[in-house]
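First residue of the sequence shown? That's 0 in the working numbering, and the numbers climb one at a time after it. For each residue, glycine too, the CB sits at the ideal point set by N, CA and C. Here is the structure we will look at.
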Amino acid sequence: MKTLRAQLTLRLLAGGLVLLVAAGALLHWQMRRALTAEFDRSLMATFRTIGSLVEQKRGQVSIDSTGEDVSQVQDPHGSVVFLLNAADGSEIARSQSLGEARLPARAGSLQAPAFFDRKLADGRVMRCAAVRMMPPYEDETPRPPQVDAVLDVGLDRAPLDRTLAAIRTSLWLVGASALAALGALVYLGVRSGLAPLNRLGASVAAVDAGSLATRFPVAPLPAELQPIVVRLNELLARLESAFARERRFTATAAHELRTPLAELRALAEVNLSTPSSEDENEQSWRDALDTTLRMEALALTLLDLTRAEDGALALQRTTVSLAQAVAAAWQPWAGRAAERQIVPRISIASDLKAEVDPALLAVILGNLCGNAVEHSPQGSAVTACGKPASDGVSLQFENETDELTAADIPHLFERFWRKDGARSDGRHHGLGLAMAAEFATLLGGTLGAELCRDGFVSFNLWIPGVGKEGRS
């Protein structure tokens, strides 16, 4: 299984390995360069010793092989070799330790010798220096013209190679040990660094539907995890709120259905157990019909809400005059408003228009008007006004209230929520504002509420649309 710990460990180890290899290679190169330069200095010291034996006599170049300085080159397996050639490439002298080997025809100056390696027939590898030189004359007169010669001197580089091999072995051992130590440190470091994430994962795994009130502490966590935990806590808060709403919805829906079902059962039991006249039977059936119609209205409202949430309602957009739409929505409630002495104060310009589905807008406005009429104190006023706002139009319904508090505002658009906990009013299910909010969202707008001043509640509907007539 692909894990974050494995990825971090492998990448850190790979990076450490690259650094160790690069550092080892650089160190080996630098040490080889320094040791080779030191070896070349020893080689040049030997070169000068042998070169001091080369001389000219009567126009001929020769080497004095009788001195003690060349005794070591007479050993066939000695560590020093030399080859003396004339300028034309003809051989003048060679050491017995060189055997029959031939050396490359290259030469430098005494200030910049030509260095090269040469493997002999017996397997020895010689580090050689070649210099074109002009041997001095012996004391003779007259002196003929001087001639050039090329002297190659070599040293067995076995000691240098053994030293370099020992260095390479040491570097490999140190590198392997360092890599092992790095692996242990990386493992411990990654495990320690991921410990908060592991603890957070265990805590999240322990959360279920019964513990949605859990909130994870943010401050003790690393900075990289804090935004995640903040969002996680916000998600848990939303889930807790959603589950609470669902529980309230289930309980309230059961209550809303139980009441009409109990009425139907009571009617049936009375009709079966008590003789009744024709008028009483007719009234009983009317009561049953009213109860059934309320149940049907509840079911249809819930169905419309579900369709709105799923986006299954087809929209038929057209340009609508908002003044006319509000007037039409108020008309069904005019009688109830007169009964409760509610005074409408509608102030919407006739040229204020919106590109909406008329049917959905009628449901929204009807619910807002009905809510204002039913829940305003008797003898109060309902104000409705509209204006262009933010690439659309804004409608505001305001009415006095003696029931709502600031804590009630977030619940106004929840299904089945009513301030009256006893639900004594059987005419209302508490679904009107929930449906209005869903339909506003379906139209691309928003519906919100606020306590605008002491004792007044304001519902603000924003709809994207045309605005003033003639605006685009």
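Annotated three-state conformation of P112 is coil, per DSSP. Three or more Cβ pairs drawn from the stretch 158 to 172 and the stretch 17 to 29 lie within less than 8 Å of each other, which places the two stretches in contact.
Between L360 and the set S349, F438 and L432, the nearest pair of CA atoms involves F438. The beta-bridge partner set that DSSP reports for T382 consists of R344 and E397. With a threshold of 16 other beta carbon atoms within 10 Å, N398 meets it and is buried. Cβ-Cβ distances below 6 Å link G174 to L19 and G23 in the same chain, with the five nearest sequence neighbours on each side left out; the list follows chain order. Within its own chain, the residues whose Cβ lies closer than 7 Å to the Cβ of T445, once the five positions on either side in sequence are excluded, are A439 and W461, listed in chain order. With contact defined as three or more Cβ pairs closer than 8 Å, the stretch 215 to 223 and the stretch 180 to 188 are not in contact. The Cβ neighbour count for R344, taken over all protein chains shown within 10 Å, is under 16; the residue is labelled exposed. Closest in C-alpha terms to A436, from the list Q55, P463 and V362, comes V362.
A287 and E262 have their alpha carbons spaced roughly 8 Å apart. Note: R131 is bridge-paired with V149 in the DSSP secondary-structure output. R452: not part of any alpha helix (DSSP H); member of the beta strand (DSSP E) spanning T445 to R452, first to last residue.
P387 has V392 as its beta-bridge partners, per DSSP. The three-state reading of DSSP puts S375 in coil, since its state is none of H, G, I, E or B. Judged by DSSP secondary structure, F215 falls outside any alpha helix (DSSP H); it is assigned neither H nor E. For the pair of segments examined, the stretch 318 to 332 was found not to touch the stretch 273 to 293: the number of CB pairs separated by less than 8 Å stays below three. Of L266, D147 and P259, the smallest CA-CA separation from T290 is found for P259. Within the model, the alpha-carbon separation for L154 versus D39 is close to 9 Å. For the pair C384 and S346, the CB atoms are nearer than the 7 Å cut-off.
Residue pairing by DSSP places N459 opposite Q395 and G447 in a beta bridge.
The three-state secondary structure of T162, taken from DSSP, is helix.
Annotation for L34: the continuous alpha helix (DSSP H) segment containing it runs L3 to G50. For the stretch 185 to 242, not one full-length beta strand (DSSP E) segment reaches 3 residues or more.
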